[in-house]
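Participant: Take a look at the following structure, please.
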Amino acid sequence: MRHTITLLVENKFGVLSRISGLFSGRGYNIESLSVGEEIDPEYSQMTIVTSGDDLIIEQITKQLNKLVDVIKVTDVTEFEHVEREMIIIKVTPKPEKKTEVLNLAGIFRGRVVDSSENTYTIEVTGDEKKIEAFIGLMKPMGIKDLVRTGKVAILREGYKQ
Amino acid sequence: MKAGMKLTGSEILIECLKREGVKHLFGYPGGVVLNIFDMLYDDKDIKLILTRHEQGAVHAADGYARATGKPGVVLVTSGPGATNTVTGIATASMDSVPLVVITGQVPTMLIGNDAFQEADIVGITRPCTKHNFLVKDVNDLAVVVKEAFHIAVTGRPGPVLIDLPKDVTVGKTDFVWPEKVGLPGYKPKLEGNKWMINQAAHMIEKARKPVIVAGGGVIISGAYKELRELAEHTQVPVTTTLMGIGGFPETNKLSLGMPGMHGTYYANKAIQESDLLIALGMRFDDRVTGKTDSFAPTASIIHIDIDPTSIRKNVRVDIPIVGDVKRVLTVLNKTLKTDVKAQWGQVRKAWLKQIDDWKKERPLTYTKSEATIKPQFVVEKIYELTKGDAIITTEVGQNQMWAAQFYKYDVPRSFITSGGLGTMGFGFPAAIGAQLAFPDKLVIDIAGDGSIQMNIQELATAVLNKLPVKVVILNNGFLGMVRQWQELFYSERYSYSRLDVVPDFVKVAEAYGAAGLRATKPSEVEDVLKEGLFKIKKTVFMDFSVDWKEKVYPMVPSGAPIDHMLFEEDEVKEEKKKRLKVVK
Ligand SMILES: Cc1ncc(C[n+]2csc(CCOP(=O)(O)OP(=O)(O)O)c2C)c(N)n1
Ligand SMILES: [Mg+2]
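Here's what the structure looks like:
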């Protein structure tokens, strides 16, 4: 099963490689990983999406906890939480499809951040389902390029452990 | 040191080491650490033991740490000096040994430039250290040293590496010794969960066929007394893993010796038939469990360990207790005494009788010989002559297993061996470290002719420092353990396991200024041992030409259930073939 794990870590050099090394060294996989500074720049917040059976996930969270630079590990999958991911997608619709692309972007609350003679670059934010749905709709329009941030996640207030 | 004076990084490092109580460093110099070495030149409190190889330095520090429980400290140069420490660090990491390894590094502005003798040792050792640091600013140095020692010795101990660029060793700053460590992400859990401990007590009460499996954590946490109290009060037999040897007296009638691949028949039988396993400070290594699916099939498992990742890693556990073994056992023993009223002797009678029968049925034995020296005989003789009053280190291979099987260890830290990594070349430098810590103790490395050659250069270190380490070489002309597997599982195709050229160890020892003795007949064994162990007061190599055909028994073929054992007496029988076939 897929799990989304958030980490509070010390914002020190080498932390990312300790964490990615732990995953590769023990044969766990990382589906996505995102990092950013916390309010206090001494710390960073990470969101990792990984998968495995219960025993593997238990090992992953324990191993992460064991790292000296990791302060807090939360498997948010087990709690009410909000997940978001952003994609920027460059599509090359045929002239007769251009309006449809713009309409779809509007329905998904996307924003056109750049356009050229035959491309639109659209930014969309949302949970996994929404992102996947949007990509699915854009496919027949012709996707030239696609970048995604990976997920970030946060617990809902009032549902804390 | 005057207040308010600015110190260089090298001075700060030395001052920090003194405050951590360090008396000995093990190391080797080179370009980027010369400033630190210059400080050591006339330092009166800290002595550096110059080994002949950086690997030797780390193993020596490791032996020192295992013998004392205090951290071993290493100082080496960058690049090749640093990479030479890797095997030693990995060895210590697998066996939870506290080390602080200080490596020099090229100046900060050259890092990443492929500078002369640059190696990314922090990157290289990340997976085999408990933690590591690159110090980029002299102002961080004191804090880093303090944190390194703290991390190395607390919780589940392990090696910590500090990479120190040359410019940091000359940079100056005010010396401030941090009184406390910060480390918000590092809080080892020491106290076990009370409710779980209570549950454990009741499981022990209900169990009819319980076994304690004691690992290295018993020794590290100093739970020797507590374990004995638990075992004797509740009358539960104890098997000690390779790392746990010495954690429970092997002369005690509740002792089952070692479990696992070369464990005793009765230890493995007891585990397989038990209804409760009490696992203490051990991590269910595959050499202990054999095939995990068929390990202790009828037992509930209580697992007490300080490292949460050890629990439920490879076997199911009914009562997991994360905490320091000594502290948990203290509470458990108290609970058992106050809350549980059982007639322990009565309750355990049948089980202990069963175990006694197994002990009689298949004791640890070997076939004695008048013609050739049996390696087991040499180990037995060492025990007989020392009466167990020695520190035994081992190399890796058959020698290691015989040393574990045929000598009786009664006290913690009397058996020092590379368990997790199985590093050939460990025993001799480790013995040097142990001897340095205990100058008046008899320190004996039980070695193989292959392994001893992996760090034989440390003869110079032992001789120079007048360390009377005794090396007993069980010389079989083979990489014996490899040969044993080839005989049993590869149709006697001895592919590159015969050493062909084995040096004259007596002459090698003499060339370095040590003593050398040799025995080629069983009748000479005792005399050589008496002479080498007691009469000669310096470093000695004792070369015993042993029977090369000898194998370590019992043996559980890799991947088989642990009661699926081969015995020496099967050699003649068809039985052996049958058992081997099942495995293949
Ligand atoms: C550094 C290292 N290389 C290889 C091995 C694999 N290995 C395990 S035991 C062994 C043979 C050891 O030979 P020797 O020291 O003569 O001991 P014996 O088994 O003959 O007693 C080997 C090669 C190892 N454990 N360590
Ligand atoms: Mg040999």
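As they're listed, the protein sequences go chains L and U.
Each residue of the first sequence is one higher than the one before, counting from 1253 in the numbering used here.
Each residue of the second sequence is one higher than the one before, counting from 53 in the numbering used here.
Just so it is clear, CB atoms sit at the ideal spot from N, CA and C, and this is done for glycine as well.
According to DSSP, is U/Lys636 helix, strand or coil?
Facilitator: The pLDDT assigned to U/Lys636 is 43, lower than 50, so where the model puts this residue is not dependable; a value taken from the coordinates is nonetheless given after this. Reduced to three states, the DSSP call for U/Lys636 is coil.
Participant: Using the beta-carbon count (16 or more within 10 Å), is L/Phe1331 buried or exposed?
Facilitator: Answer is exposed; the Cβ neighbour count stays below 16.
Participant: How far does the beta strand (DSSP E) with U/His314 in it reach, from first residue to last?
Facilitator: Careful: U/His314 lies outside any beta strand (DSSP E) and carries neither H nor E.
Participant: Using the DSSP secondary-structure output, state which residues sit across from U/His355 in a beta bridge.
Facilitator: According to DSSP, which records beta bridges pairwise, U/His355 is partnered with U/Ala331, U/Pro372.
Participant: Return the chain-ordered list of same chain residues with a C-beta closer than 8 Å to the C-beta of U/Arg178, the five sequence neighbours on each side being excluded.
Facilitator: Cβ neighbours of U/Arg178 beyond the five flanking positions: Asn184.
Participant: Measure from the C-beta of L/Glu1384 to each C-beta in chain U and report whether the shortest distance is under 8 Å.
Facilitator: Not one chain U Cβ lies under 8 Å of L/Glu1384.
Participant: Measuring from the CB of U/Asn528, is there a heavy atom of ligand 2 at a distance below 7 Å?
Facilitator: Flag set: Cβ of U/Asn528 near ligand 2.
Participant: Please state whether DSSP places U/His254 in a helix, a strand or coil.
Facilitator: Three-state DSSP puts U/His254 in a helix.
Participant: What is the rounded straight-line gap between the Cα of U/Arg280 and the Cα of U/Gln509?
Facilitator: When rounded, the distance between both Cα atoms is 41 Å.
Participant: Pull up the distance between the alpha-carbon of U/Trp410 and that of U/His202, whole angstroms please.
Facilitator: So the two alpha carbons sit approximately 45 Å from each other.
Participant: When the cut-off is 8 Å and only beta carbons count, does U/Tyr80 lie next to chain L?
Facilitator: Not one chain L Cβ lies under 8 Å of U/Tyr80.
Participant: Considering only residues of the same chain and omitting the five flanking positions on each side of U/Lys343, which have a CB-CB separation below 7 Å?
Facilitator: For U/Lys343, where only same-chain residues beyond five positions count, the Cβ hits under 7 Å are Gly611, Ala612, Pro613.
Participant: Got a sec: is the Cβ-Cβ distance from L/Glu1287 to anything in chain U below 8 Å?
Facilitator: Strictly speaking, residue 1287 of chain L in this sequence is Val, with Glu absent from that position. Judged by the 8 Å Cβ criterion, L/Val1287 is not in contact with chain U.
Participant: Along the chain, which unbroken stretches of the alpha helix (DSSP H) at least 4 residues long are found entirely within the stretch 137 to 185 of chain U?
Facilitator: As far as the stretch 137 to 185 of chain U is concerned, its whole alpha helix (DSSP H) runs of at least 4 residues are 138 to 146, 173 to 177.
Participant: Taking 7 Å as the cut-off, is the beta-carbon of U/Met506 closer than that to any non-hydrogen atom of ligand 1?
Facilitator: Checking the Cβ of U/Met506 against ligand 1 gives yes.
Participant: For U/Gly312, is the beta carbon positioned less than 7 Å from some heavy atom of ligand 1?
Facilitator: U/Gly312 Cβ: outside cutoff for every heavy atom of ligand 1.
Participant: Can you look up U/Pro613 in the DSSP assignment and give me helix, strand or coil?
Facilitator: U/Pro613 falls in the strand class under three-state DSSP.
Participant: For L/Gln1297, does the three-state DSSP call read helix, strand or coil?
Facilitator: Reduced to three states, the DSSP call for L/Gln1297 is strand.
Participant: Alpha carbon to alpha carbon, how far is U/Val580 from U/Val222?
Facilitator: Cα to Cα, U/Val580 sits roughly 53 Å from U/Val222.
Participant: For a cutoff of 8 Å on Cβ pairs, would you count L/Glu1262 as touching chain U?
Facilitator: Chain U, which has a Cβ nearer than 8 Å to the Cβ of L/Glu1262, makes this yes.
Participant: Quick one: what does DSSP say L/Met1338 is sitting in, helix, strand or coil?
Facilitator: Residue state, collapsed to three classes: strand.
Participant: Quick check on the burial criterion: 16 or more other C-beta atoms within 10 angstroms. Buried or exposed for U/Ser470?
Facilitator: Result: buried.
Participant: Is the closest heavy atom of ligand 1 to the C-beta of U/Glu281 under 7 Å?
Facilitator: No - ligand 1 has no heavy atom lying nearer than 7 Å to the Cβ of U/Glu281.
Participant: Give the range of the beta strand (DSSP E) segment to which U/Ser130 is assigned.
Facilitator: Here U/Ser130 belongs to no beta strand (DSSP E), and DSSP marks it neither H nor E.
Participant: List the endpoints of the continuous beta strand (DSSP E) containing U/Ala499.
Facilitator: From DSSP, the beta strand (DSSP E) with U/Ala499 extends over 495 to 500.
Participant: Distance, Cα to Cα, U/Ile154 vs U/Leu162?
Facilitator: The alpha-carbon atoms of U/Ile154 and U/Leu162 are separated by roughly 19 Å.
Participant: Should U/Gly479 be listed as close to ligand 2, given that the test is whether its C-beta is under 7 Å from any heavy atom?
Facilitator: Incorrect: U/Gly479 has no Cβ contact closer than 7 Å to ligand 2.
Participant: Compute the distance between the beta-carbons of U/Gly267 and U/Met334, then report whether it is under 8 Å.
Facilitator: Going by C-beta atoms, U/Gly267 is nearer than 8 Å to U/Met334.
Participant: In the DSSP assignment, find the unbroken beta strand (DSSP E) run with U/Met594 in it and report its ends.
Facilitator: Here the beta strand (DSSP E) through U/Met594 covers 592 to 597.
Participant: Since U/Tyr116 and U/Gly529 are thought to touch, with beta carbons under 8 Å apart, how far apart are those beta carbons, to the nearest angstrom?
Facilitator: About 32 Å separates the two Cβ atoms, so there is no contact after all.
Participant: Near L/Thr1326, what residues of its chain come up, given a Cβ to Cβ distance below 6 Å and the 5 sequence neighbours on each side ignored?
Facilitator: Here the set comprises Thr1258.
Participant: Between U/Phe619 and U/Ile525, is the Cβ-Cβ spacing less than 8 Å?
Facilitator: Not in contact: U/Phe619 and U/Ile525 (Cβ atoms no closer than 8 Å).
Participant: With a threshold of 8 Å between beta carbons, is U/Ile249 in contact with chain L?
Facilitator: Not an interface residue.
Participant: Just the chain U side, please: which residues come within less than 8 Å of L/Val1353 by C-beta, in chain order?
Facilitator: The contacting residues do not exist; L/Val1353 stays about 45 Å from chain U at best.
Participant: Where does L/Ser1368 fall in DSSP's three states?
Facilitator: Residue state, collapsed to three classes: coil.
Participant: Apart from the five residues just before and just after U/Glu578, which ones in its own chain have a Cβ nearer than 7 Å to its Cβ?
Facilitator: Lys433.
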